[in-house]
Amino acid sequence: LAKTTQPISMDSYEGQEVNITCSHNNIATNDYITWYQQFPSQGPRFIIQGYKTKVTNEVASLFIPADRKSSTLSLPRVSLSDTAVYYCLVVPKGTNAGKSTFGDGTTLTVKP
Amino acid sequence: DAGVTQSPTHLIKTRGQQVTLRCSPKSGHDTVSWYQQALGQGPQFIFQYYEEEERQRGNFPDRFSGHQFPNYSSELNVNALLLGDSALYLCASSALQGNGYNSPLHFGNGTRLTVT
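In order, the protein sequence lines correspond to chains Y and V. The opening residue of the first sequence carries number 1 in my numbering; numbering runs sequentially from there. The opening residue of the second sequence carries number 1 in my numbering; numbering runs sequentially from there.
Have a look at this one:
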């Protein structure tokens, strides 16, 4: 299963765009990429997932280059409530999906 | 539509005791996974249940065991508790889709276990 590497922490200010990059050099052909957000004392919450190119939903965009060895989560115009830990996961097809490794995530701190 | 529910929310046990944690998956989900999250770390995969069988297991000792019931709910049992078992235990549910991929994980808010 592919291992992921993310920055340990990032700081931003309200209203800015935040980009968090995740490296996953040994991603397999059938793997897809998923991002989660976690607040203290809560379970992680699904944000977005994708396989290649660009995916956008109401809260974020996910950019995946052609070689798929990295991905970038983009949060537009962050607010104080976006302060959380963000996890990148590489998820395989089928029954191995549950073994995906969360890593220690990126702690995003949004300042006023 | 209820999401993933876990009980109890908090638990204090003594070293050597046994504990059972419970999880009800999101409606429509048939797969339950359990994770252990120590303070300041990411969730670590314990095991996954599908069709009432353990399908995948992480690097956890046999003291950690589980069960899935016909209604897809699940239990996590930990025997001979150690101080190091103190953590947030998270349950996540998902559904195996027709394309062979699991739907994104939906997590409960966990059970905070403290072993003294």
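Where a beta carbon is used, it is the ideal one built from N, C-alpha and C, also for glycine. None of these values were measured; they are calculated from a predicted model.
Asked, Found
"Between THR5/V, PHE47/V, SER73/V and GLY42/V, which has its C-alpha nearest ARG63/V's C-alpha?", "PHE47/V"
"Return the chain-ordered list of same chain residues with a C-beta closer than 7 Å to the C-beta of SER86/V, the five sequence neighbours on each side being excluded.", "LEU113, THR114 and VAL115"
"Which word fits HIS10/V, buried or exposed, when buried means at least 16 other C-beta atoms lie within 10 angstroms of its C-beta?", "exposed"
"Under a three-way DSSP split, which group does ASP82/Y fall into?", "helix"
"On the DSSP letters alone, give me the boundaries of the beta strand (DSSP E) that THR9/V sits inside.", "No beta strand (DSSP E) holds THR9/V; DSSP gives it neither H nor E."
"Tell me, please, whether the CB atom of TYR101/V is closer than 8 Å to any CB atom in chain Y?", "yes"
"Would you tell me roughly how many angstroms separate the C-alpha atoms of PRO112/Y and ALA80/V, rounded to the nearest one?", "47 Å"
"Between the C-alpha atoms of ILE12/V and LEU88/V, what's the straight-line distance to the nearest angstrom?", "12 Å"
"Measuring from the CB of GLY50/Y, is there a heavy atom of the ligand SAH at a distance below 7 Å?", "By its list of ligands, the structure shown contains no ligand whatsoever, and the ligand SAH lies outside what it can speak to."
"Output, in chain order, the set of chain V residues within a Cβ distance shorter than 8 Å of LYS99/Y.", "PHE45, GLN48, GLN56 and GLY58"
"Exposed or buried, SER100/Y, counting other C-beta atoms within 10 Å across all chains shown (16 or more means buried)?", "buried"
"Ends of the beta strand (DSSP E) at THR34/Y?", "32 to 38"
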